[in-house]
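In full-length UniProt numbering, the protein residues as written are 1 to 321. Reading through the structure tokens given below for one structure.
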């Protein structure tokens, strides 16, 4: 067990280091002078005619006036000490302050979306295998396909047209009150629930073909009782994996969803930072997103042994071959 935990922790550190390095490389590969691009992106005049002292100050703050190796080492030090520098697109506020002001709204949207995603995905999967008629099961399977195929902005506009503009049940824009989170979170949840439902239903069917399940049916148990009592636990491992992967989709989808629904948050902050060429803010958001994904994936990986001890048991794994 300890070896398994250490291996997963090592993998998480490597992935997080990769995200940090990627955020550094993005600035280095950007054509032109990053300091001039920051000045131009923030509407402070023509980049070619920018004040020399202003450019020198930005280069000094970002370490751009040092050799590449020292830039990288300095950037790693700033990341480890959470010293992200200045957000030039936000009147030179500290990057940590800007992100902190936006993070709460995105976390709220992400948590609600994940809860709805899991509930809907499990409901789609169970409906596609437990409903008594073939047409009903096919209907649930078709819904999951729609969830995968429809782009997020199309789903958002469709929900807005029906539940906001036509029925008036929920506000269309903003983040005022509990009702404002329903449509954005439902949009994200429906897109991920299709994938989760298909993976889970396929896993249920595969586990249902195992010998011990046939024995349970031979004892006279009904299909629903067999699935709920004997199949779900062993069929849930792929679900944990796909949930960890879908977290990245929730974070990336927030940029589009928050823009469409006019919600403040990390997604909108991404768009603003890229538009303004605010490299320190972009770098911090990349690392934040990567760190969140690594954290969720690590939690999912470490929970595997609690569901199936064979994950960390070489003897059990050998017995299955």
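Here a beta-carbon is modelled for each residue, glycine too, at the ideal position from N, C-alpha and C. Here the structure is a predicted model, which means the values were calculated and not measured.
{"Query": "contact_flag[the segment 164–176, the segment 266–282] where n(CB pairs < 8 Å) is 3 or more", "Result": "no"}
{"Query": "Coil, strand or helix - residue 66 by DSSP", "Result": "coil"}
{"Query": "Beta-carbon proximity check, residue 153 vs residue 260, cutoff 8 Å", "Result": "yes"}
{"Query": "Rounded straight-line distance, which links the Cα of residue 106 to that of residue 19", "Result": "20 Å"}
{"Query": "Limits of the unbroken alpha helix (DSSP H) element including residue 16", "Result": "2–29"}
{"Query": "Which of helix, strand or coil DSSP assigns to residue 175", "Result": "coil"}
{"Query": "Residue interval of the alpha helix (DSSP H) (run including residue 101)", "Result": "95–130"}
{"Query": "Nearest-angstrom Cα separation, counted from residue 102 out to residue 258", "Result": "11 Å"}
{"Query": "Residue 133, DSSP secondary structure in three states", "Result": "coil"}
{"Query": "Whole-number beta carbon distance between residue 190 and residue 120, since they are thought to touch under 8 Å", "Result": "7 Å"}
{"Query": "Proximity winner among 201, 5, 288 and 16, relative to residue 128 (alpha-carbon distances)", "Result": "201"}
{"Query": "Outcome for residue 358 when other beta-carbon atoms lying within 10 angstroms are tallied against a minimum of 16", "Result": "Only positions 1 to 321 of the chain appear in this structure, which leaves residue 358 out of reach."}
{"Query": "Three or more C-beta pairs below 8 Å linking the segment 3–10 and the segment 49–64", "Result": "no"}
{"Query": "Limits of the alpha helix (DSSP H) - the one that residue 275 falls within", "Result": "266–276"}
{"Query": "Rounded distance between the beta-carbons of residue 82 and residue 96, thought under 8 Å", "Result": "6 Å"}
{"Query": "Residues that DSSP places opposite residue 86 in a beta bridge", "Result": "94"}
{"Query": "Contact test: residue 80 Cβ vs the ligand NAD heavy atom, cutoff 7 Å", "Result": "This structure simply doesn't include the ligand NAD, nor any ligand for that matter."}
{"Query": "Enclosing alpha helix (DSSP H) for residue 153 [first to last residue]", "Result": "152–159"}
{"Query": "CA-to-CA distance, residue 288 to residue 47, given in whole angstroms", "Result": "The predicted position of residue 47 is uncertain, since its pLDDT is 48 and thus under 50; a value taken from the coordinates is nonetheless stated next. Roughly 29 Å between the two C-alpha positions."}
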